[in-house]
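Protein sequence lines correspond, in order, to chains A and B.
1 is the number of the first residue of the first sequence in the numbering used here; add one for each residue after it.
353 is the number of the first residue of the second sequence in the numbering used here; add one for each residue after it.
C-beta: ideal position from N, C-alpha, C; glycine also.
See below for the structure under consideration.
2 protein chains.
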Amino acid sequence: MSANETPQTSATYDSAFLRACRREPVPHTPVWFMRQAGRSLPEYRKVREGIPMLESCMRPELVTEITLQPVRRHNVDAAIYYSDIVVPLKAIGIDLEIKPGVGPVVDRPIRTRADLAQLRDLTPEDVSYVTEAIGLLTRELGATPLIGFAGAPFTLASYLIEGGPSRSYENAKAMMYGDPELWADLLDRLADITAAFLKVQIEAGASAVQLFDSWVGSLAPADYRRSVMPASAKVFEAVAGYGVPRIHFGVGTGELLNLMGEAGADVVGVDWRVPLDEAVRRVGPGKALQGNLDPTVLFTTPEIVEAKTREVLDAAAGLEGHVFNLGHGVMPSTDPDALTRLVDYVHTRTAR
Amino acid sequence: MSANETPQTSATYDSAFLRACRREPVPHTPVWFMRQAGRSLPEYRKVREGIPMLESCMRPELVTEITLQPVRRHNVDAAIYYSDIVVPLKAIGIDLEIKPGVGPVVDRPIRTRADLAQLRDLTPEDVSYVTEAIGLLTRELGATPLIGFAGAPFTLASYLIEGGPSRSYENAKAMMYGDPELWADLLDRLADITAAFLKVQIEAGASAVQLFDSWVGSLAPADYRRSVMPASAKVFEAVAGYGVPRIHFGVGTGELLNLMGEAGADVVGVDWRVPLDEAVRRVGPGKALQGNLDPTVLFTTPEIVEAKTREVLDAAAGLEGHVFNLGHGVMPSTDPDALTRLVDYVHTRTAR
Numbered sequence: 001m002s003a004n005e006t007p008q009t010s011a012t013y014d015s016a017f018l019r020a021c022r023r024e025p026v027p028h029t030p031v032w033f034m035r036q037a038g039r040s041l042p043e044y045r046k047v048r049e050g051i052p053m054l055e056s057c058m059r060p061e062l063v064t065e066i067t068l069q070p071v072r073r074h075n076v077d078a079a080i081y082y083s084d085i086v087v088p089l090k091a092i093g094i095d096l097e098i099k100p101g102v103g104p105v106v107d108r109p110i111r112t113r114a115d116l117a118q119l120r121d122l123t124p125e126d127v128s129y130v131t132e133a134i135g136l137l138t139r140e141l142g143a144t145p146l147i148g149f150a151g152a153p154f155t156l157a158s159y160l161i162e163g164g165p166s167r168s169y170e171n172a173k174a175m176m177y178g179d180p181e182l183w184a185d186l187l188d189r190l191a192d193i194t195a196a197f198l199k200v201q202i203e204a205g206a207s208a209v210q211l212f213d214s215w216v217g218s219l220a221p222a223d224y225r226r227s228v229m230p231a232s233a234k235v236f237e238a239v240a241g242y243g244v245p246r247i248h249f250g251v252g253t254g255e256l257l258n259l260m261g262e263a264g265a266d267v268v269g270v271d272w273r274v275p276l277d278e279a280v281r282r283v284g285p286g287k288a289l290q291g292n293l294d295p296t297v298l299f300t301t302p303e304i305v306e307a308k309t310r311e312v313l314d315a316a317a318g319l320e321g322h323v324f325n326l327g328h329g330v331m332p333s334t335d336p337d338a339l340t341r342l343v344d345y346v347h348t349r350t351a352r
Numbered sequence: 353m354s355a356n357e358t359p360q361t362s363a364t365y366d367s368a369f370l371r372a373c374r375r376e377p378v379p380h381t382p383v384w385f386m387r388q389a390g391r392s393l394p395e396y397r398k399v400r401e402g403i404p405m406l407e408s409c410m411r412p413e414l415v416t417e418i419t420l421q422p423v424r425r426h427n428v429d430a431a432i433y434y435s436d437i438v439v440p441l442k443a444i445g446i447d448l449e450i451k452p453g454v455g456p457v458v459d460r461p462i463r464t465r466a467d468l469a470q471l472r473d474l475t476p477e478d479v480s481y482v483t484e485a486i487g488l489l490t491r492e493l494g495a496t497p498l499i500g501f502a503g504a505p506f507t508l509a510s511y512l513i514e515g516g517p518s519r520s521y522e523n524a525k526a527m528m529y530g531d532p533e534l535w536a537d538l539l540d541r542l543a544d545i546t547a548a549f550l551k552v553q554i555e556a557g558a559s560a561v562q563l564f565d566s567w568v569g570s571l572a573p574a575d576y577r578r579s580v581m582p583a584s585a586k587v588f589e590a591v592a593g594y595g596v597p598r599i600h601f602g603v604g605t606g607e608l609l610n611l612m613g614e615a616g617a618d619v620v621g622v623d624w625r626v627p628l629d630e631a632v633r634r635v636g637p638g639k640a641l642q643g644n645l646d647p648t649v650l651f652t653t654p655e656i657v658e659a660k661t662r663e664v665l666d667a668a669a670g671l672e673g674h675v676f677n678l679g680h681g682v683m684p685s686t687d688p689d690a691l692t693r694l695v696d697y698v699h700t701r702t703a704r
């Protein structure tokens, strides 16, 4: 399939979500939630019972079911492909596992040039379960767009270098500051792997992609520009020909929003720390924004959720394109009904 | 002792550190490090052996020794009183302990109005060991200023509400959003306790104070202004009469720097994410800035540390007052010699 023959129907193309990403007029502000497929849903916990995280990402029927669950329940405007940031690393043979309550643990962390040998290119055959799952999904989803999912090179590098959970990324940043050539080579390889992983998803039918740079908010702008942006830009450039919207998000990235847009995103995700009217000043024209209700607001009453949602919508009033989302992922203890009500509220409030 | 008779000598008053805090000309840019007294030093690990964290904060001779260790070793321009954020809470009888590798754990978290009864006013007698330690310290320190230490109301409230470690502060923020009156009353009480704790330190001889709002970077500006700033301002106002510089710091607070200054700080601490020339634009005139080398830079070579330090000093060139510091605390695995070299480098490079 060529870059110009993505399988999306014209109804998908005309969906509120994809129109907002393209900064076109919308019938209502579209809504989806980062981590909408996951632990907040009892039906998710049920189907995941006894199945380790990474294994769950490799079973097409299970991926399809989990991806569809929040679409059925919440009436969100887009599905996000159920996966994990480390899936493409596992797929090329990196020895890692996701320990419950801990996170990804890498058997042999990457610290030297010799360690780069662990990284080979990713081929569609490495992730045939992704192609299969997206085939199933697009049939089930109808006009609802599917967002492809990948971790960005910086965040992948942080996992690979630290080898386990970290709050300060000291080994990763020590390599970034201390051995810029090794760092750049590592990120460049990860950019190729990430781009290949996103291409598989788009060619199988994803109508948009989101590149998660979860931990990049730990960097100052000059370091981001010098040491991270080239690799992220390579990923975005590699999928530019497909014409699907490219979303980019990281938490705590207020200082980096303009650069994350400049890296090649069509839609810049914003956490709850920066009001959207300020975010648009930083990002500049020509980009849509996604966000940004504080996910902890959902632990309050419906009235307070509505009041805080109005603050977000008011701040977004002047935007060319706005995709409503939380400012970070849904927290596991969130009441699913609060999410369903929130979708309905945004749809009703913004109906044109 | 009245507010105008702090025991500092004129040599202390004329120290580079206090002059920089007051935005007066300095012989060199003063340097100290958050967490300079602590686990990065072998002599600290030695004297702490077998002594639980909170107990170590209550032994005046030990506090004195630990506070002095980095001054002796690194030639820093200020000492920071060795304590822990939860010390004043422990002192008023809150049932908490600091679990190694975990952090403060509160036996009965504060979640309801009835729980506020756990909080009573702090008197100097509750922390007589602080007065004693600072008496010992000021004699040993000579002209080197001592910075008093306290956690800010928001951060204390987060610990008390969560009851243990948290990455997202969901219970604290749910109270902040969901029960603003209870939240305000809790923060107001914590402001009084914090102010009393700082007064004890100033009256015993501290020449400056730093109010740590470690976790406040998790808030959006409008929420900070509405729900946190009144309590922080109350603390600063309560110690204004002493005329000692008031420093305010939190990590990830790029969006809040102006408000943290407005709350009453004389010196605004900046983490490494915001270059100091940008920080001064946000904070505005009339405040000194403190910061902001990324602490992970210290895991590289001396040449790279110097290059990154020059970037900080260059960005600080236009400031009225600059106190050099890291952008967050010294990390435990930092090589102490790297810190000693850094102090020397800043002193030499900025000598007028």
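In or out: proline 377(B) buried (at least 16 other Cβ within 10 Å) or exposed? exposed
Could you tell me whether any Cβ in chain B is nearer than 9 Å to the Cβ of lysine 90(A)? no
Quick one: which chain B residues come within Cβ less than 9 Å of isoleucine 304(A)? Tyr529, Gly530
Chain B contact for leucine 219(A) (CB, 9 Å cutoff): yes
Count the other C-beta atoms from every protein chain shown that fall within 10 angstroms of the C-beta of lysine 287(A), then say buried if there are 16 or more, exposed otherwise. buried
Please report how far the alpha carbon of glutamate 614(B) lies from the alpha carbon of valine 428(B), in whole angstroms. 28 Å
Range of the contiguous alpha helix (DSSP H) that encloses histidine 347(A): 336-350
Beta-carbon proximity of proline 145(A) to alanine 79(A), cut-off 9 Å: yes
For serine 207(A), count neighbouring C-beta atoms within 10 Å of its own C-beta (all shown protein chains included) and say buried if the count is 16 or more, exposed if not. buried
Report the residue ranges of all beta strand (DSSP E) runs contained in full by the region 478-555 of chain B; include only those spanning at least 3 residues, in chain order. 498-503
Using CA atoms only, rank isn't needed, just tell me which of Tyr434(B), Ala547(B), Pro654(B) is closest to glutamine 388(B). Tyr434(B)
Write down the C-beta distance between valine 649(B) and lysine 660(B) rounded to the nearest angstrom, noting that I regard them as a contact closer than 8 Å. 5 Å
For a contact meaning CB atoms closer than 9 Å, what does proline 412(B) contact in chain A? By Cβ distance, chain A contributes nothing, its closest Cβ being about 32 Å from proline 412(B), past 9 Å.
Since glutamate 407(B) is in the alpha helix (DSSP H), which residue starts that stretch and which ends it? 405-408
Can you tell me which residues form a DSSP beta bridge with histidine 322(A)? Leu289(A)
9 Å Cβ cutoff met for valine 283(A) and glycine 250(A): no
Residues near serine 218(A) in its chain [Cβ-Cβ closer than 8 Å; skip 5 each side]: Ser168, Tyr169, Lys173, Gly252
Would you call the CB atoms of alanine 152(A) and valine 235(A) closer than 9 Å? yes
Partners in chain B for valine 312(A), counting only beta-carbon separations shorter than 9 Å: Chain B residues near valine 312(A): none, gap ~10 Å exceeds 9 Å.
From the DSSP output, in three-state form, read off alanine 617(B) for me. coil
Pairing CB atoms from the region 336-352 of chain A with CB atoms from the region 652-670 of chain B, are three or more of them under 8 Å? no
Give me the Cβ distance between valine 458(B) and leucine 474(B), rounded to the nearest whole Å; I'm assuming they're in contact under 8 Å. Actually they do not touch by this definition, with Cβ atoms about 17 Å apart.
Beta carbon of isoleucine 554(B) nearer than 9 Å to that of tyrosine 594(B): yes
Where valine 626(B) sits in the DSSP three-state scheme: coil
Over what stretch of residues does the alpha helix (DSSP H) that includes arginine 424(B) continue unbroken? 412-426
Proline 30(A) to valine 200(A) span [Cα, whole Å]: 25 Å
What are the boundary residues of the alpha helix (DSSP H) that includes phenylalanine 17(A)? 16-21
Name the chain B residues whose beta carbon is nearer than 7 Å to that of methionine 331(A)? Ser520, Glu522
Within 9 Å of chain A by C-beta, residues of the region 552-563 of chain B in sequence order: none
The region 272-286 of chain A: positions lying closer than 9 Å to chain B by Cβ: Trp272, Arg273, Val274, Pro275, Glu278
Valine 649(B) versus chain A: which residues are under 9 Å apart at the beta carbon? Lys173, Ala174, Tyr177, Gly178
Chain B within 9 Å of aspartate 337(A), Cβ atoms only: no
Glutamate 357(B), DSSP secondary structure in three states: Only weak support is given to the placement of glutamate 357(B): the predicted model assigns it a pLDDT of 43, under 50, and the value that follows is read from those uncertain coordinates. DSSP places glutamate 357(B) in coil when its eight states are reduced to three.
Across the region 395-406 of chain B and the region 414-422 of chain B, are there enough close Cβ pairs to call them in contact, namely three or more that are closer than 8 Å? yes
Taking 9 Å as the threshold (beta carbon to beta carbon), is alanine 574(B) in contact with chain A? yes
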